[in-house]
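2 protein chains.
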Amino acid sequence: MDTEHNAEERLLTAAIEVFCNRGYDGARTQEIADLAGISKASLHYYFRSKELLFRKAVQKVFSLIIGNVARRISEESSFEVVIRQLVEGYFEMFIHFRTQAVFFFTEMMKHEELLDEIVKGIDRSVLLNGLMLRFQKEREEGKIIDMEPVDLLVNIIAMCGYPILAEPLLKRVLTLSNDEYQTMLNRRKEMVVDFVLRAILKEKE
Amino acid sequence: MDTEHNAEERLLTAAIEVFCNRGYDGARTQEIADLAGISKASLHYYFRSKELLFRKAVQKVFSLIIGNVARRISEESSFEVVIRQLVEGYFEMFIHFRTQAVFFFTEMMKHEELLDEIVKGIDRSVLLNGLMLRFQKEREEGKIIDMEPVDLLVNIIAMCGYPILAEPLLKRVLTLSNDEYQTMLNRRKEMVVDFVLRAILKEKE
DNA sequence: GGTCAGTTTAACCAATTAGTCAAACCATAG
DNA sequence: CTATGGTTTGACTAATTGGTTAAACTGACC
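From first to last, the protein sequence lines stand for chains A and B.
With the first letter of the first sequence counted as 1, position 174 gets the number 174 in our numbering; the numbers rise by one all the way through.
With the first letter of the second sequence counted as 1, position 161 gets the number 1161 in our numbering; the numbers rise by one all the way through.
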């Protein structure tokens, strides 16, 4: 726990950690306060209620994650490079924000109205206008196979995210040790890029 | 709530529903008992504690899900057909058991020791020996590209499962209406099969 | 009918927990 | 110094909730 910043910031940071690890219902305001090194009464002074604190925490997590992705896919490089950057970007995002991502899947399932509020506030132009148009352009130029850009994007995100999100389960079902699983994850970055390019590029070398 | 079966079964069914919707911490034993139409005291009579009931519930859910997958991929058809069956099988599994699958990602992250116990009890021969060997065979015969069978399987599961698990989030980030999202999911079954086959088949038509 | 094991429940208990509040603690301006 | 505003907290409360218990109920078997 950092002890530098002011009380409000420290509480929010602590809240993110506790909510991500324990979920909304499992989180205790006392634990958040303790982690921040501040009394529980102060927590209510700043955020009024657990629910309000939760909202602020979710918003902050989401803006952190989103910022991280958008930064990487604004390039104007060759198509292959764009795919590679995209895969690497999502991969590292999911590794870095694994607990937060899992947290989103579950908590947001229960608090869907919060998602509306949050997604409304983000800038999707990079993703939707930048990236999707680029996919569309390649398609129209006949360089890639005829598929919906959105399907391609979802495929990429899925192949990057799923093995990280489902690690505890996959590891056991596939009977892989921690090391073996890590090896698999390491080779996936390159593998997914190749897999995607083979699936969509039209010219057969 | 079915009222046919005996108390124990009804409690377990109710527990699965409540745990999947609310998570372990969010679930109330009273709600489970009410849903089963049985007193909370009886719940403790049969299962001793919330924790024990939770374990039984998780085990039952898992065996339901697993059974559903294994049944579909035991075919000895052509490779293309195997891929298609696999994709359709996982797709329908994720749609049918969506809340349960999300539940697994979150709760099992917190109770990893439970996963060990559960996965130990299942039969992985169909998946690992049957399917993986088939992939391996095709690879050795030079029909498909040189890639690890496990990577291929993970890619398929990921592309089937992720869009369903992440629906609430994806729907909003991609600014798709419910109908549009449904349309996307519907075309994915065919699309993923094509995508995979293009990525792995060696001969260029 | 009587008994006995298994089942069911209303009433209760102890522990936990989100939220409150009045008093104390600053810092800064007058 | 003192007054004032924002800040901080220990002590408290009301409500919830998992779990217990003793008593009642049920049906099978003698």
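Idealized CB from N, CA, C, for every residue including glycine.
Since we're looking at a predicted model, the values are computed, not measured.
Original post:
Counting contacts by CB-CB distance shorter than 9 angstroms, is B:A945 in contact with chain A?
Top reply: The requested residue 945 of chain B does not occur in the structure, where chain B is confined to residues 1001 to 1205.
Original post:
Among A:R28, A:R187 and A:V58, which one has its Cα closest to the Cα of A:H44?
Top reply: Ranking A:R28, A:R187 and A:V58 by Cα distance to A:H44 puts A:R28 first.
Subject >> Nonlocal neighbours in the same chain, by C-beta distance under 7 angstroms from B:A1015, ignoring five residues either side >> reply: Answer for B:A1015: I1032, L1053 and A1057, listed in chain order.
**OP:** Give the interface partners of B:V1150 over in chain A, defined as CB-CB distance under 7 angstroms, in chain order.
**Re:** For B:V1150, the chain A residues whose Cβ falls inside 7 angstroms of its Cβ are L174 and M184, in order along the chain.
Subject >> Contact set between the stretch 85-115 of chain A and chain B, restricted to residues whose Cβ is under 7 angstroms from the partner >> reply: If the cut-off is 7 angstroms between Cβ atoms, the stretch 85-115 of chain A has V102, F104, F105, T106, M108, M109, E112 and L115 near chain B.
Original post:
Taking just the CA atoms, how far does A:F47 sit from A:Q30?
Top reply: Answer to the nearest angstrom: the Cα atoms are 14 angstroms apart.
Subject >> chain A contact residues for B:D1025, given Cβ-Cβ distances below 9 angstroms >> reply: Annotation: Cβ neighbours of B:D1025 in chain A (cutoff 9 angstroms, chain order): R22, G23, Y24, D25, G26 and A27.
**OP:** Determine, using beta carbons only, whether B:I1200 comes closer than 9 angstroms to chain A.
**Re:** yes
Original post:
Are the stretch 1097-1113 of chain B and the stretch 1157-1173 of chain B touching by the rule of at least three beta carbon pairs closer than 8 angstroms?
Top reply: yes
**OP:** Report yes or no: do three or more beta-carbon pairs, one from the stretch 118-134 of chain A and one from the stretch 1007-1025 of chain B, lie closer than 8 angstroms?
**Re:** no
Original post:
What in chain B is Cβ-close to A:Y46, meaning under 9 angstroms?
Top reply: By Cβ distance, chain B contributes nothing, its closest Cβ being about 24 angstroms from A:Y46, past 9 angstroms.
**OP:** Just tell me which of B:D1025, B:L1131 and B:I1066 has its CA closest to the CA of A:L169.
**Re:** B:I1066
Original post:
Are the C-beta atoms of A:V82 and some chain B residue less than 9 angstroms apart?
Top reply: no
Original post:
Which of helix, strand or coil does DSSP assign to B:I1144?
Top reply: strand
Original post:
Does the stretch 125-143 of chain A come close enough to the stretch 1129-1147 of chain B to have 3 or more Cβ pairs within less than 8 angstroms?
Top reply: Taking one beta carbon from each stretch, the stretch 125-143 of chain A and the stretch 1129-1147 of chain B have fewer than 3 pairs nearer than 8 angstroms; the two do not touch.
Original post:
Just checking my contact of A:F97 with A:K189 at CB under 8 angstroms: how many whole Å lie between their CB atoms?
Top reply: The pair is not a contact, with the Cβ atoms about 17 angstroms apart (cut-off 8 angstroms).
**OP:** Confirm, please, whether the CB-CB distance from B:M1184 to B:L1153 is below 9 angstroms.
**Re:** no
Subject >> Listed by chain order, chain A residues near B:N1129 by CB distance under 8 angstroms >> reply: The premise fails here: B:N1129 is roughly 11 angstroms from chain A at the closest Cβ pair, so nothing lies under 8 angstroms.
**OP:** Could you name each continuous alpha helix (DSSP H) segment of 4 residues or more that falls completely within the stretch 82-169 of chain A, going from the start of the chain to the end?
**Re:** 98-110, 112-120, 132-140 and 149-165
Subject >> Option in B:K1060, B:S1078, B:R1055 and B:G1089 with minimal Cα separation from B:N1068 >> reply: Out of B:K1060, B:S1078, B:R1055 and B:G1089, B:G1089 has the C-alpha closest to the C-alpha of B:N1068.
Subject >> 9 angstroms Cβ cutoff, A:R71 in contact with chain B >> reply: no
Original post:
For B:V1018, is the classification buried or exposed, using 16 other Cβ atoms within 10 angstroms of its Cβ as the cut-off for buried?
Top reply: buried
Original post:
Under 9 angstroms between the Cβ atoms of A:F62 and A:C160?
Top reply: no
Original post:
I think A:R55 touches A:L128, with their Cβ atoms under 8 angstroms apart; what is that distance to the nearest whole Å?
Top reply: Rounded, the Cβ-Cβ distance is 25 angstroms, inconsistent with contact.
Subject >> Beta-bridge pairing of B:L1176 - partner residues as DSSP gives them >> reply: DSSP output for B:L1176 lists no bridge partner at all.
Original post:
Hey, quick one: how far does the alpha helix (DSSP H) through B:R1022 stretch, first residue to last?
Top reply: Counting along the chain, the alpha helix (DSSP H) containing B:R1022 begins and ends at A1007 to G1026.
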